[in-house]
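A.B. asks: One structure follows; several queries about it will come next.
In the working numbering, the protein residues as written are -12 to 184.
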């Protein structure tokens, strides 16, 4: 795909949802969150780290091979979309991109998560589960809370310490010592942070 836009035209979804890019041509990169085909149109809900946005791909507005690729692409496929930002009340967030160029970077396999999955199964596909809206919201809350806690303690003069996980010798009793081979040498999982504080 040839570069038609400057790197500055690459935006995040949050930038579009602010409403300041209406009518502008932009480039957006992300993963397919939802997809459906209606007649000569493919609607993709695209996800990046900042939100979700609908992309409308109309047959004839993009080359035929790009339209076919967009119609075949499944959830979690990675895409790069170039097009014009328009306001549309029917779209999630009230904005969508009318695509002029669609490049499927990676075709994902069939998405394995459906409703009512067991927790054990969800843990097996954790790399996909953490991308759900619920898990993303939980992670954002955790990020904010931990950031506030870290900030509070830094302001009070505390330091954060990251002791090594693997040590050349045990620091406490042998009953909890976990030995391993580390490039031909004996090494142990650390038992205590106290030596590093």
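C-beta: ideal position from N, C-alpha, C; glycine also.
Grab the span of the alpha helix (DSSP H) containing residue 146 for me, first residue to last.
C.D. replies: Neither: residue 146 is in no alpha helix (DSSP H) and is coded neither H nor E.
A.B. asks: Short of 7 angstroms in beta carbon distance, which residues of its chain neighbour residue 2, apart from the five on each side in sequence? Order them along the chain.
C.D. replies: Closer than 7 angstroms at the Cβ level, and outside the excluded window around residue 2, lie 8.
A.B. asks: Which runs of the alpha helix (DSSP H), 4 residues or longer, sit entirely within the stretch 87 to 156?
C.D. replies: You should have 106 to 111, 113 to 116 and 120 to 142.
A.B. asks: Under three-state DSSP, which class holds residue 163?
C.D. replies: Correct three-state label for residue 163: helix.
A.B. asks: Note down the Cα distance separating residue 10 from residue 34, rounded to an integer number of angstroms.
C.D. replies: Approximately 21 angstroms between the Cα atoms of the pair.
A.B. asks: Going by DSSP in three states, residue 63 sits in which element: helix, strand or coil?
C.D. replies: Here residue 63 sits in coil by DSSP.
A.B. asks: Less than 8 angstroms separating the beta-carbons of residue 66 and residue 49?
C.D. replies: Their beta carbons are not under 8 angstroms apart, which means residue 66 does not touch residue 49 by this criterion.
A.B. asks: Pull the bridge partners of residue 168 from the DSSP assignment, please.
C.D. replies: According to DSSP, which records beta bridges pairwise, residue 168 is partnered with 173.
A.B. asks: Mind checking which residues open and close the alpha helix (DSSP H) that includes residue 2?
C.D. replies: Here the alpha helix (DSSP H) through residue 2 covers 0 to 4.
A.B. asks: Count the other C-beta atoms from every protein chain shown that fall within 10 angstroms of the C-beta of residue 42, then say buried if there are 16 or more, exposed otherwise.
C.D. replies: Buried, by the Cβ-count rule.
A.B. asks: Quick check: the stretch 136 to 155 against the stretch 172 to 179, are at least 3 beta-carbon pairs closer than 8 angstroms?
C.D. replies: Taking 8 angstroms as the limit for Cβ pairs, the verdict is that the stretch 136 to 155 does touch the stretch 172 to 179.
A.B. asks: Between the alpha carbons of residue 94 and residue 61, how many angstroms are there, rounded?
C.D. replies: Rounded to the nearest angstrom, the two C-alpha atoms are 7 angstroms apart.
A.B. asks: Just the Cα atoms here: how many angstroms apart are residue 109 and residue 119?
C.D. replies: Each residue's alpha carbon lies about 11 angstroms from the other.
A.B. asks: Whole angstroms is fine: what's the gap from residue 87's alpha carbon to residue 115's?
C.D. replies: The alpha-carbon atoms of residue 87 and residue 115 are separated by roughly 29 angstroms.
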